[in-house]
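Asks: Line order of the protein sequences matches chains A and B. For the first sequence, position 103 matches number 103 in this note's numbering, and the numbering has no gaps at all. For the second sequence, position 140 matches number 140 in this note's numbering, and the numbering has no gaps at all. Built from N, CA and C at the ideal position, the CB exists for glycine as well. Just so we're clear, the structure is a prediction, and the values are computed from it rather than from any experiment.
There are 2 protein chains.
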Amino acid sequence: MSTIDTRLIDGKQHAAALTARVSAEVAQLDREQGQVPGLAVVLVGTDAASEVYVRNKTRQTSSVGMRSFAHTLPADTSEAELLALVARLNADPDVHGILVQLPLPPSIDSTLVLDAIDPAKDVDGLGQVNVGRVTLGHPALVPCTPLGCLLLLEAELGSLSGLHAVVVGRSNLVGRPMSQLLLNADCTVTTAHIHTVDTAAHARRADILVVATGRPGLVRGDWIKPGATVIDVGITRIPTGSGKTKLVGDVVFEEALGVAGRITPVPGGVGPMTIACLLSNTLHAARRQWAGRNTGRAA
Amino acid sequence: MSTIDTRLIDGKQHAAALTARVSAEVAQLDREQGQVPGLAVVLVGTDAASEVYVRNKTRQTSSVGMRSFAHTLPADTSEAELLALVARLNADPDVHGILVQLPLPPSIDSTLVLDAIDPAKDVDGLGQVNVGRVTLGHPALVPCTPLGCLLLLEAELGSLSGLHAVVVGRSNLVGRPMSQLLLNADCTVTTAHIHTVDTAAHARRADILVVATGRPGLVRGDWIKPGATVIDVGITRIPTGSGKTKLVGDVVFEEALGVAGRITPVPGGVGPMTIACLLSNTLHAARRQWAGRNTGRAA
Numbered sequence: 001m002s003t004i005d006t007r008l009i010d011g012k013q014h015a016a017a018l019t020a021r022v023s024a025e026v027a028q029l030d031r032e033q034g035q036v037p038g039l040a041v042v043l044v045g046t047d048a049a050s051e052v053y054v055r056n057k058t059r060q061t062s063s064v065g066m067r068s069f070a071h072t073l074p075a076d077t078s079e080a081e082l083l084a085l086v087a088r089l090n091a092d093p094d095v096h097g098i099l100v101q102l103p104l105p106p107s108i109d110s111t112l113v114l115d116a117i118d119p120a121k122d123v124d125g126l127g128q129v130n131v132g133r134v135t136l137g138h139p140a141l142v143p144c145t146p147l148g149c150l151l152l153l154e155a156e157l158g159s160l161s162g163l164h165a166v167v168v169g170r171s172n173l174v175g176r177p178m179s180q181l182l183l184n185a186d187c188t189v190t191t192a193h194i195h196t197v198d199t200a201a202h203a204r205r206a207d208i209l210v211v212a213t214g215r216p217g218l219v220r221g222d223w224i225k226p227g228a229t230v231i232d233v234g235i236t237r238i239p240t241g242s243g244k245t246k247l248v249g250d251v252v253f254e255e256a257l258g259v260a261g262r263i264t265p266v267p268g269g270v271g272p273m274t275i276a277c278l279l280s281n282t283l284h285a286a287r288r289q290w291a292g293r294n295t296g297r298a299a
Numbered sequence: 001m002s003t004i005d006t007r008l009i010d011g012k013q014h015a016a017a018l019t020a021r022v023s024a025e026v027a028q029l030d031r032e033q034g035q036v037p038g039l040a041v042v043l044v045g046t047d048a049a050s051e052v053y054v055r056n057k058t059r060q061t062s063s064v065g066m067r068s069f070a071h072t073l074p075a076d077t078s079e080a081e082l083l084a085l086v087a088r089l090n091a092d093p094d095v096h097g098i099l100v101q102l103p104l105p106p107s108i109d110s111t112l113v114l115d116a117i118d119p120a121k122d123v124d125g126l127g128q129v130n131v132g133r134v135t136l137g138h139p140a141l142v143p144c145t146p147l148g149c150l151l152l153l154e155a156e157l158g159s160l161s162g163l164h165a166v167v168v169g170r171s172n173l174v175g176r177p178m179s180q181l182l183l184n185a186d187c188t189v190t191t192a193h194i195h196t197v198d199t200a201a202h203a204r205r206a207d208i209l210v211v212a213t214g215r216p217g218l219v220r221g222d223w224i225k226p227g228a229t230v231i232d233v234g235i236t237r238i239p240t241g242s243g244k245t246k247l248v249g250d251v252v253f254e255e256a257l258g259v260a261g262r263i264t265p266v267p268g269g270v271g272p273m274t275i276a277c278l279l280s281n282t283l284h285a286a287r288r289q290w291a292g293r294n295t296g297r298a299a
């Protein structure tokens with residue numbers, strides 16, 4: 001049996017190109033209008049992974065010439081205190097994007113906080129208004145990870161119209177918005193999840209297979225239709241046996257090689273696109289706010 | 001080949017049962033608390049079909065003991081005038097549900113009007129906030145037609161968990177919210193539409209096939225998996241040749257008999273559930289508003 005020469009989708013390269021475009025636009029806006037987009041990132045508590053994410057976001061925000069506002073609050077911050085901060089940021093004309101790093105401490109209702117963010121500044125796209133707009137196919141600020149996946153797919157495949165996309169996972173952060181974006185891009189979309197009977201059979205029919213379950217090694221080589229495009233959103237650190245660790249996706253990468261037409265590696269696939277899309281969303285949100293319009297637009 | 005004894009899903013009967021429950025609850029609320037839910041229906045222009053719908057809605061609203069407020073505006077009503085009426089209804093404590101009959105005249109931005117309705121009173125569930133809540137799997141006021149379909153399915157099949165549902169059509173009124181509700185009910189969900197390649201092949205894999213395209217006769221008998229449950233949302237009036245007309249669905253009903261396990265007839269299937277769900281949504285919206293909560297709940 002002949003195998004396919006699987007093409008790796010270089011997320012770093014796509015992300016660098018998007019970031020460079022954002023950076024150039026920010027410089028032009030600053031030069032021509034004297035205006036600079038600002039992104040506020042709010043971290044509650046001292047979760048180590050969250051601290052790394054927030055540090056990366058604030059560093060990259062500054063590196064494209066935007067203003068970065070980091071707000072680090074103690075783990076015992078009350079819901080009311082956090083809501084008061086969100087209200088201040090909503091009212092702050094220097095802040096065009098607001099990102100509240102998840103997860104929040106269990107004493108705080110995440111939904112309440114996400115919905116309190118002004119939809120025009122909701123650059124993570126997780127509040128109910130932007131989610132509704134995406135579902136209705138209206139202009140919206142779109143969650144960064146699924147937006148990054150969509151941009152990779154469109155860059156690699158061009159029009160997605162008529163392709164059958166199977167999304168494994170239905171989280172509010174990735175799976176659900178991913179399914180909506182693919183439907184808006186005129187794919188036929190199947191959403192599979194923990195209750196799905198024979199996920200492998202569904203996966204095998206996919207022209208585009210997006211996997212976002214956080215279960216390392218879930219998707220085997222024989223789950224993939226020969227030539228399909230595979231987007232592996234999972235990223236889990238596992239021990240390698242010698243006291244070291246490595247990052248792996250939800251797809252058994254070695255088995256996918258020779259079967260998939262294209263695949264995102266882990267790391268270096270979807271991951272880098274997420275922050276690039278956050279910067280792009282912030283730029284667009286700022287443009288909309290300066291134009292006096294109250295809705296965002298996807299990258 | 002043996003054929004299946006296809007069971008007809010009696011929408012009239014299910015709708016009558018739901019309407020009776022709403023009526024009993026309204027009477028109890030009136031008796032015990034002296035409070036009566038109120039539904040405002042707004043019609044712009046003189047579209048004949050819309051006039052029939054609005055008359056049916058107001059009549060049934062009254063018949064379950066709720067207050068009905070009909071607002072009929074001329075076809076040349078401006079967007080600003082309609083928005084002003086919506087604002088008055090939002091502020092009116094006697095009005096717990098607001099329904100703006102679609103389609104609106106082309107001079108009026110429907111999205112703007114639907115989003116202007118207080119989400120707590122948006123009993124049609126078409127505004128961005130309720131759409132977002134449904135997509136996120138949060139409590140919401142759910143569009144009446146897909147809600148009616150879901151209630152029929154749950155009444156007929158019990159738990160839908162793990163079943164493969166194929167929804168043909170992706171309108172904001174039916175297809176998209178239907179896919180979301182089935183996903184929330186733990187179905188594996190495929191959404192097919194005008195750009196889908198080989199819709200028949202997708203349909204043939206469905207345990208639950210929901211068709212909402214408005215294309216009479218689209219779904220043939222050989223599109224249906226033997227034993228599947230078919231929900232036919234389409235309703236189109238066609239000439240019969242002798243100067244008369246009849247109502248037909250999107251499914252060739254005669255061909256589905258003997259193949260489908262269960263099917264909704266047209267008329268008498270999904271149709272009657274829509275108004276029953278509107279009444280149920282209005283009752284729930286009223287309860288939530290009296291309780292001082294600002295979110296609705298599905299029937």
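Output, in sequence order along the chain, the residues in the segment 120 to 133 of chain B whose CB is closer than 9 Å to any CB in chain A.
Replies: Within the segment 120 to 133 of chain B, the qualifying residues are LEU126, GLY127, GLN128, VAL129, ASN130, VAL131, GLY132, ARG133.
Asks: Please classify ASN56 of chain A: is it buried, with 16 or more other beta-carbons within 10 angstroms of its beta-carbon, or exposed?
Replies: On the first sequence, residue 56 of chain A is found 56 positions in, with the first residue counted as 1. The residue in question, ASN56 of chain A, is exposed, as its Cβ has fewer than 16 Cβ neighbours within 10 Å.
Asks: ARG7 of chain B to PRO267 of chain B, Cα distance in whole Å?
Replies: One-based indexing of the second sequence puts residue 7 of chain B at position 7. One-based indexing of the second sequence puts residue 267 of chain B at position 267. Approximately 15 Å, taken between the alpha carbons.
Asks: Residues of chain A with CB closer than 7 Å to the CB of ARG204 of chain B, please, in chain order.
Replies: For this step, residue 204 of chain B is matched to residue 204 along the second sequence. Here the premise fails: no neighbours, minimum Cβ distance about 12 Å.
Asks: Are VAL230 of chain A and VAL252 of chain A close, meaning C-beta to C-beta below 8 Å?
Replies: Numbered from its first residue, the first sequence carries residue 230 of chain A at position 230. Numbered from its first residue, the first sequence carries residue 252 of chain A at position 252. No. Outside cutoff.
Asks: Going by C-alpha to C-alpha distance, which of A:LEU141, A:LYS246, A:THR145, A:ARG237 sits closest to VAL210 of chain A?
Replies: For the purposes of this step, residue 210 of chain A is taken as the residue at position 210 of the first sequence. When only C-alpha atoms are compared, the closest one is A:THR145.
Asks: Using only the alpha-carbon positions, how far apart do VAL44 of chain A and SER78 of chain A sit?
Replies: Within the first sequence, the letter at position 44 stands for residue 44 of chain A. Within the first sequence, the letter at position 78 stands for residue 78 of chain A. Near 10 Å, if we compare the C-alpha coordinates of SER78 of chain A and VAL44 of chain A.
Asks: Mark ALA80 of chain A as exposed unless 16 or more other C-beta atoms lie within 10 angstroms of its C-beta, in which case mark it buried.
Replies: On the first sequence, residue 80 of chain A is found 80 positions in, with the first residue counted as 1. Exposed, because fewer than 16 other Cβ atoms sit within 10 Å of the Cβ of ALA80 of chain A.
Asks: Have a look at VAL22 of chain B and LEU283 of chain B and give me their C-alpha separation to the nearest angstrom.
Replies: Within the second sequence, the letter at position 22 stands for residue 22 of chain B. Within the second sequence, the letter at position 283 stands for residue 283 of chain B. Roughly 7 Å between the two C-alpha positions.
Asks: Less than 8 Å between the C-beta atoms of ILE263 of chain B and LEU152 of chain B, yes or no?
Replies: Within the second sequence, numbered from 1, the residue matching residue 263 of chain B stands at position 263. Within the second sequence, numbered from 1, the residue matching residue 152 of chain B stands at position 152. No, these two residues do not count as a Cβ contact at 8 Å.
Asks: Taking DSSP as the reference, what is the three-state secondary structure of ARG237 of chain A?
Replies: To locate residue 237 of chain A, count along the first sequence from 1; it is residue 237. ARG237 of chain A: strand per DSSP, three-state reduction.
Asks: Beta carbon of ALA75 of chain A, beta carbon of PRO105 of chain A: below 8 Å?
Replies: Residue numbering aside, residue 75 of chain A sits at position 75 when the first sequence is read from its first letter. Residue numbering aside, residue 105 of chain A sits at position 105 when the first sequence is read from its first letter. In contact: ALA75 of chain A and PRO105 of chain A (Cβ atoms closer than 8 Å).
Asks: Rounded to the nearest angstrom, how far is the Cβ of ALA228 of chain A from that of ILE208 of chain A, given a contact under 8 Å?
Replies: Start at 1 with the first residue of the first sequence, and residue 228 of chain A comes out as number 228. Start at 1 with the first residue of the first sequence, and residue 208 of chain A comes out as number 208. So it is a contact: roughly 7 Å between Cβ atoms.
Asks: Could you give the uninterrupted runs of the beta strand (DSSP E) lying entirely in the segment 49 to 123 of chain A, keeping only those of 3 residues or more?
Replies: Here the runs fully enclosed are 67 to 73, 97 to 100.
Asks: By Cβ distance, which residues of its chain are closer than 6 Å to SER110 of chain B, with the 5 residues on each side in sequence left out?
Replies: Here residue 110 of chain B refers to the residue found at position 110 of the second sequence. Counting only Cβ-Cβ distances below 6 Å, and skipping sequence neighbours, we find LEU104.
Asks: List the residues of chain B whose Cβ lies closer than 8 Å to the Cβ of ASP186 of chain A, in chain order.
Replies: The sequence position of residue 186 of chain A within the first sequence is 186, counting from 1. Correct list: HIS193, HIS195.
Asks: Excluding the 5 residues preceding and the 5 following ASP115 of chain B in the sequence, name in chain order all residues of the same chain whose CB lies nearer than 6 Å to its CB.
Replies: The count along the second sequence starts at 1 and reaches residue 115 of chain B at position 115. Excluding positions up to five away in sequence, the list reads GLY127, GLN128.
Asks: Since VAL42 of chain A and VAL100 of chain A should fall inside the 8 Å C-beta cutoff, what is the C-beta to C-beta distance between them, to a whole number of angstroms?
Replies: Within the first sequence, residue 42 of chain A is the residue found at index 42, counting from 1. Within the first sequence, residue 100 of chain A is the residue found at index 100, counting from 1. The Cβ separation is near 5 Å, so the contact holds.
Asks: Exposed or buried, SER159 of chain A, counting other C-beta atoms within 10 Å across all chains shown (16 or more means buried)?
Replies: Counted from its first residue, the first sequence places residue 159 of chain A at position 159. Exposed, since its Cβ has fewer than 16 Cβ neighbours within 10 Å.
Asks: Just to make sure I have the definition right: I need the residues of chain A whose C-beta is within less than 9 Å of the C-beta of SER171 of chain B. Which are they?
Replies: As a working mapping, residue 171 of chain B is identified with position 171 in the second sequence. Simply none; closest approach about 10 Å.
Asks: Which residue comes first and which comes last in the beta strand (DSSP E) that contains VAL168 of chain B?
Replies: Numbered from 1 along the second sequence, position 168 holds the residue referred to as residue 168 of chain B. Looking at the DSSP string, the run of the beta strand (DSSP E) that includes VAL168 of chain B is 164 to 168.
Asks: Among the residues of its own chain, which have a CB less than 6 Å from the CB of LEU89 of chain B, if the five just before and after it don't count?
Replies: Indexing the second sequence from 1 puts residue 89 of chain B at position 89. If we look at LEU89 of chain B and ignore the five residues flanking it on each side, its Cβ neighbours are ALA40, VAL95, ILE98.
Asks: Here's the rule: buried if 16 or more other CB atoms are within 10 angstroms of the residue's CB, otherwise exposed. What is ILE238 of chain B?
Replies: Along the second sequence, one-based indexing puts residue 238 of chain B at 238. Counting Cβ neighbours within 10 Å, ILE238 of chain B comes out exposed, since fewer than 16 surround it.
Asks: Please classify LEU182 of chain B: does DSSP put it in a helix, a strand, or coil?
Replies: Along the second sequence, read from residue 1 onward, the residue named residue 182 of chain B stands at position 182. Three-state result, LEU182 of chain B: helix.
Asks: When we look at the beta-carbon of THR3 of chain A and count the other beta-carbons within 10 Å, is it buried (16 or more) or exposed?
Replies: Looking up residue 3 of chain A in the first sequence gives position 3. THR3 of chain A comes out exposed.
Asks: What would DSSP say about ALA276 of chain A, mapped onto helix, strand or coil?
Replies: Reading the first sequence from its first residue, position 276 is the one you call residue 276 of chain A. ALA276 of chain A: helix per DSSP, three-state reduction.
Asks: Kindly give me the distance between the Cβ atoms of GLY249 of chain B and ILE235 of chain B, rounded to whole angstroms, as I take these residues to be in contact under 8 Å.
Replies: As a working mapping, residue 249 of chain B is identified with position 249 in the second sequence. As a working mapping, residue 235 of chain B is identified with position 235 in the second sequence. The pair is a contact, with the Cβ atoms about 6 Å apart (cut-off 8 Å).
Asks: For the candidate residues A:THR135, A:LEU141, A:LEU112, A:ILE108, whose alpha-carbon lies nearest to that of ASP124 of chain A?
Replies: Stepping through the first sequence from its first residue, residue 124 of chain A is reached at position 124. Nearest option by C-alpha distance: A:LEU141.
Asks: Can you list, in chain order, the residues of its chain with a C-beta nearer than 7 Å to that of SER179 of chain B? Leave out the 5 residues immediately preceding and following it.
Replies: For the purposes of this step, residue 179 of chain B is taken as the residue at position 179 of the second sequence. Once the five neighbours on either side are set aside, the close Cβ partners of SER179 of chain B are VAL167, VAL189, THR191.
Asks: Is any beta-carbon of chain B found at less than 8 Å from that of SER161 of chain A?
Replies: Here residue 161 of chain A refers to the residue found at position 161 when the first sequence is read from its first residue. Answer yes: the Cβ-Cβ gap between SER161 of chain A and chain B drops below 8 Å somewhere.
Asks: ARG288 of chain B versus chain A: which residues are under 9 Å apart at the beta carbon?
Replies: Numbered from 1 along the second sequence, position 288 holds the residue referred to as residue 288 of chain B. Ordered by position in chain A, no residue passes the 9 Å Cβ test against ARG288 of chain B, which lies about 16 Å from the chain.
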